[in-house]
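Okay, structure first, notes after.
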Ligand code: PSU
Ligand code: MN
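In my numbering, the protein residues as written are 122 to 458.
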């Protein structure tokens with residue numbers, strides 16, 4: 122009896138958390154900084170399995186028009202599995218949850234939209250000046266968390282950069298993951314970063330990290346192996362959903378990272394990609410590229426060096442992560458009902 126009432130209290134609290142986030146969202150909407158499209162509003166109300174998507178991939182990660190094509194195909198992958206995609210971006214100073222195809226096209230044509238790569242610290246500037254912003258993983262996590270969206274798909278998250286101990290270049294993604302009740306599905310982090318330090322930092326921030334599938338080897342984005350191991354490995358969407366649900370019930374309020382290796386047929390040869398990365402890093406050093414410019418710079422260089430191969434792999438892994446995220450979101454909603 123005692124046990125049952127305790128469980129009920131926990132359940133009520135987790136429901137309350139959902140309503141609390143709704144109340145603050147209503148407040149935000151009145152202030153006109155937030156705009157949720159009708160499909161997402163309906164999905165939130167009905168508790169459909171929503172998957173959040175970031176938009177820096179569109180504005181700074183991939184070149185136009187591949188970026189637009191990719192953003193659309195990723196949404197399709199989510200729908201195919203019964204999920205509802207919510208691409209998040211800032212358009213003319215309003216945070217948009219769920220973009221129309223026209224909005225994706227307009228934002229993606231970056232020579233016209235002039236988007237700002239938007240992490241937490243950039244949000245007030247972009248909104249205050251009514252600009253366009255591609256939200257990074259950290260920027261998107263803030264919005265998804267406020268909306269009560271529990272699953273989020275992307276390609277790769279930011280991390281601790283190589284020589285981070287000297288430069289202090291640690292992505293805001295890691296800190297935001299530590300304080301958002303959202304599960305991110307990604308292909309790990311790129312080996313342009315320091316993967317062991319990134320994993321250590323995630324542990325410090327209290328982020329649950331697991332690989333998805335048979336292995337515990339943490340994937341390195343373009344390739345399936347990094348030589349580093351994640352603390353856990355989950356077998357599939359049902360297990361992932363149970364773990365996410367436990368975190369929500371306990372109101373841990375910290376994020377989770379499910380690292381999905383790029384599908385075998387799309388993986389790049391480890392040596393080839395390492396060479397491309399080394400070359401790109403050298404060029405970045407020569408050109409004195411720093412701060413928020415470094416990730417987009419390296420992505421572009423690697424794409425040039427591999428003659429477009431890395432771009433193909435990048436798109437394939439995002440699509441695959443979207444499929445996995447939708448499957449997890451579907452299982453999670455089953456547990457909530
Ligand atoms: N990794 C990619 N493609 C990307 C990014 C990372 O393979 O587009 C973007 C994501 O939006 C991520 C951001 O959140 O870069 C991290 O940037 P920084 O390292 O400046 O925090
Ligand atoms: Mn940085």
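Glycine included, every Cβ here is placed at the ideal spot set by N, Cα and C.
Flag residue i as yes when its Cβ comes closer than 7 angstroms to any non-hydrogen atom of ligand 2, and as no otherwise.
{"i": "residue 198", "result": "no"}
{"i": "residue 259", "result": "no"}
{"i": "residue 412", "result": "yes"}
{"i": "residue 290", "result": "yes"}
DSSP beta-bridge partners for residue i?
{"i": "residue 238", "result": "255"}
{"i": "residue 306", "result": "274, 379"}
{"i": "residue 331", "result": "353, 379"}
{"i": "residue 171", "result": "205"}
Closer than 7 angstroms: is that where the CB of residue i sits relative to any heavy atom of ligand 1?
{"i": "residue 420", "result": "yes"}
{"i": "residue 224", "result": "no"}
{"i": "residue 178", "result": "yes"}
{"i": "residue 309", "result": "no"}
{"i": "residue 294", "result": "yes"}
{"i": "residue 339", "result": "no"}
{"i": "residue 76", "result": "Residue coverage of the chain in this structure runs from 122 to 458, which leaves residue 76 outside it and unanswerable."}
{"i": "residue 342", "result": "yes"}
{"i": "residue 434", "result": "no"}
{"i": "residue 278", "result": "yes"}
{"i": "residue 84", "result": "No statement about residue 84 is possible, as the shown extent of the chain runs from 122 to 458 and does not include it."}
If residue i sits next to residue j, beta carbons under 8 angstroms apart, how far is it from one beta carbon to the other, in whole angstroms?
{"i": "residue 255", "j": "residue 238", "result": "6 angstroms"}
{"i": "residue 346", "j": "residue 338", "result": "5 angstroms"}
{"i": "residue 228", "j": "residue 157", "result": "Actually they do not touch by this definition, with Cβ atoms about 17 angstroms apart."}
{"i": "residue 273", "j": "residue 309", "result": "Not a contact, Cβ separation roughly 15 angstroms."}
Which two residues bound the contiguous alpha helix (DSSP H) that contains residue i?
{"i": "residue 394", "result": "391 to 407"}
{"i": "residue 248", "result": "244 to 249"}
Hey, quick one: how far does the beta strand (DSSP E) through residue i stretch, first residue to last?
{"i": "residue 206", "result": "205 to 212"}
{"i": "residue 481", "result": "The chain is shown only over 122 to 458; residue 481 falls outside these bounds and no answer can be derived."}
{"i": "residue 359", "result": "Taken as a continuous stretch (DSSP letters only), residue 359 belongs to no beta strand (DSSP E), being part of the alpha helix (DSSP H) at 358 to 370."}
{"i": "residue 155", "result": "155 to 157"}
Could you tell me whether the region 414 to 425 touches the region 161 to 174, using the rule of 3 or more Cβ pairs below 8 angstroms?
-> no
Would you be able to state if there are at least three C-beta pairs under 8 angstroms between the region 220 to 229 and the region 194 to 212?
-> yes
Given 8 angstroms as the limit, is there contact between the region 297 to 313 and the region 365 to 378, that is, 3 or more CB pairs closer than that?
-> yes
The region 284 to 302 in contact with the region 311 to 323 per 3-pair CB rule at 8 angstroms = yes
Check whether the region 435 to 452 touches the region 357 to 365, taking contact to mean three or more Cβ pairs, one atom from each stretch, closer than 8 angstroms.
-> yes
Segment contact, 8 angstroms Cβ cut-off, at least three pairs: the region 433 to 444 with the region 379 to 390 | yes
Counting pairs of beta carbons, one from the region 361 to 375 and one from the region 393 to 402, are three or more of them closer than 8 angstroms?
-> no
Touch test, the region 280 to 290 against the region 229 to 249, Cβ-Cβ under 8 angstroms, three pairs minimum = no
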